[in-house]
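K.L.:
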């Protein structure tokens, strides 16, 4: 049986479409655990209505503690051998669980493609993608192609999660999904097979992206996430030239993106506190460390040089 964990918080606009897509699965061996994370709209009542209507649905109500705590509650409550996570704003293809079941007990991690659709759409369209297989040796290719971060495109072995006490960090406001997945992939098979079809639907506009989520600690969170990624690669003995190059190139570009988010926020709201965050970020020695690594690995591009010049200009005007 597969346990489907759905964290729910004020999701009444899309919750029915989400649960209906799960109840319509061609695979019948499932349980759906709805974690009502202290919703203040009608989400809790919707959850209860589904539980009364279908014995495969269970509901857990808890005080609002965030999506990580909700998912962790689902891990503890799950009765299946495997589990997946589905966000309450999203919906899935009717063959999602069948795809996972076909690929379980194999020596690889099955991963489904995610399709982004405009808010209001309720259908998945075939995009004609091909099945792709990645190996641990080329992990940064798997990472840069966008398959690692999300917890909603994988099926998890519950025994691995529980035996190694793998949970979502509840004290992180960003990057908790990546930390969770890196901890899981440490013990999972070392090959990753990505489906040809997009079987999970992510609603654009219903959830915030990195570029739209300003937070004061964003720079420090980026440093922590990349530290965790480096540790994963080194512990897995795949800290190779290929992976190092991709790692440092992405690291530099992510640092720059984070800086632009700070600058954009400053254009909206000018405060001395925000100026101090920008100054501290610019003066962090990580810029020199990562740039030197990019040069050493031979991954510097023309666009990166332009970004470097911009950073140096900002250091001169704001970093002092």
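In our numbering, the protein residues as written are 125 to 444.
All residues carry an ideal CB built from backbone N, CA and C; glycine is no exception.
If you're wondering where the values come from, they're calculated on a predicted model, not measured in any experiment.
How close, in whole Å, do the beta carbons of residue 216 and residue 133 come, if the pair is a contact with beta carbons under 8 Å?
P.N.:
Incorrect: roughly 19 Å between the Cβ atoms, too far for contact.
K.L.:
Roughly how many angstroms separate the alpha carbons of residue 312 and residue 296, rounded to a whole number?
P.N.:
24 Å
K.L.:
From this set, 272, 131, 438, 223, which residue's C-alpha is nearest residue 322's C-alpha?
P.N.:
In this structure, 223 is the residue among 272, 131, 438, 223 with its C-alpha nearest to the C-alpha of residue 322.
K.L.:
Measure the beta-carbon distance from residue 401 to residue 386 and round it to whole angstroms, keeping in mind my assumption that it falls under 8 Å.
P.N.:
6 Å
K.L.:
Starting from residue 410, trace the alpha helix (DSSP H) in both directions and tell me its first and last residue.
P.N.:
Start and end: 410-421.
K.L.:
Between which two residues does the beta strand (DSSP E) holding residue 182 run?
P.N.:
181-186
K.L.:
So within the region 241-319, which uninterrupted alpha helix (DSSP H) runs reach at least 4 residues, ignoring any that extend past its ends?
P.N.:
263-268, 282-287, 300-309
K.L.:
Report buried or exposed for residue 341, applying the criterion of at least 16 other Cβ atoms within 10 angstroms of its Cβ.
P.N.:
exposed
K.L.:
Go through the region 192-224 residue by residue and report every complete run of the beta strand (DSSP E) that reaches 3 residues or more, in order.
P.N.:
206-209
K.L.:
Using the DSSP secondary-structure output, state which residues sit across from residue 160 in a beta bridge.
P.N.:
132, 185
K.L.:
Which residues does DSSP pair with residue 126 in a beta bridge?
P.N.:
154, 206
K.L.:
Any Cβ of chain B within less than 8 Å of the Cβ of residue 140?
P.N.:
Among the protein chains of the structure shown there is no chain B, as only one such chain exists.
K.L.:
Under the rule that 16 or more other beta-carbon atoms within 10 Å means buried, what is residue 333, buried or exposed?
P.N.:
Residue placement at residue 333 cannot be trusted, given a pLDDT of 45 that sits under 50; the coordinates are not used to answer.
K.L.:
Taking the C-alpha atoms as reference points, what is the distance between residue 408 and residue 346?
P.N.:
13 Å
K.L.:
Measure the C-alpha to C-alpha separation of residue 376 and residue 399 and round it to an integer number of angstroms.
P.N.:
21 Å
K.L.:
Relative to the alpha-carbon of residue 316, which residue among 359, 157, 227 has its alpha-carbon at the smallest distance?
P.N.:
227
K.L.:
Which two residues bound the contiguous alpha helix (DSSP H) that contains residue 168?
P.N.:
167-177
K.L.:
Between the C-alpha atoms of residue 335 and residue 212, what's the straight-line distance to the nearest angstrom?
P.N.:
At residue 335 the pLDDT is 41, less than 50, meaning the model places this residue with poor confidence; the figure from the coordinates comes in the next sentence. Cα to Cα, the separation comes out at about 22 Å.
K.L.:
Nearest CA to the CA of residue 294: which residue from 287, 288, 165, 304?
P.N.:
304
K.L.:
Taking the C-alpha atoms as reference points, what is the distance between residue 364 and residue 357?
P.N.:
Computed Cα separation, rounded: 9 Å.
K.L.:
Candidates 439, 279, 180: which alpha carbon is nearest residue 208's?
P.N.:
Of the listed residues, the one whose Cα sits closest to residue 208 is 279.
K.L.:
For residue 378, which residues of its own chain have a beta-carbon under 8 Å away from its beta-carbon, when the five flanking residues on both sides are left out?
P.N.:
346, 350
K.L.:
Does the Cβ-Cβ distance between residue 153 and residue 129 come in under 8 Å?
P.N.:
no
K.L.:
Does the Cβ-Cβ distance between residue 406 and residue 431 come in under 8 Å?
P.N.:
no
K.L.:
What does residue 239 pair with, by DSSP beta-bridge criteria?
P.N.:
325
K.L.:
Leaving out the 5 sequence neighbours to the left and right, which residues in its chain are closer than 7 Å to residue 166 when beta-carbon positions are compared?
P.N.:
136
K.L.:
Does DSSP classify residue 233 as helix, strand or coil?
P.N.:
Correct three-state label for residue 233: strand.
K.L.:
Helix, strand or coil, according to DSSP, for residue 149 in the structure here?
P.N.:
coil
K.L.:
Out of 171, 199, 195, 236, which one is the CA nearest neighbour of residue 320?
P.N.:
For residue 320, the closest alpha carbon among the candidates 171, 199, 195, 236 is that of 236.
K.L.:
Assign residue 171 to one of two classes, buried (16 or more other C-beta atoms within 10 Å of its C-beta) or exposed (fewer than that).
P.N.:
buried
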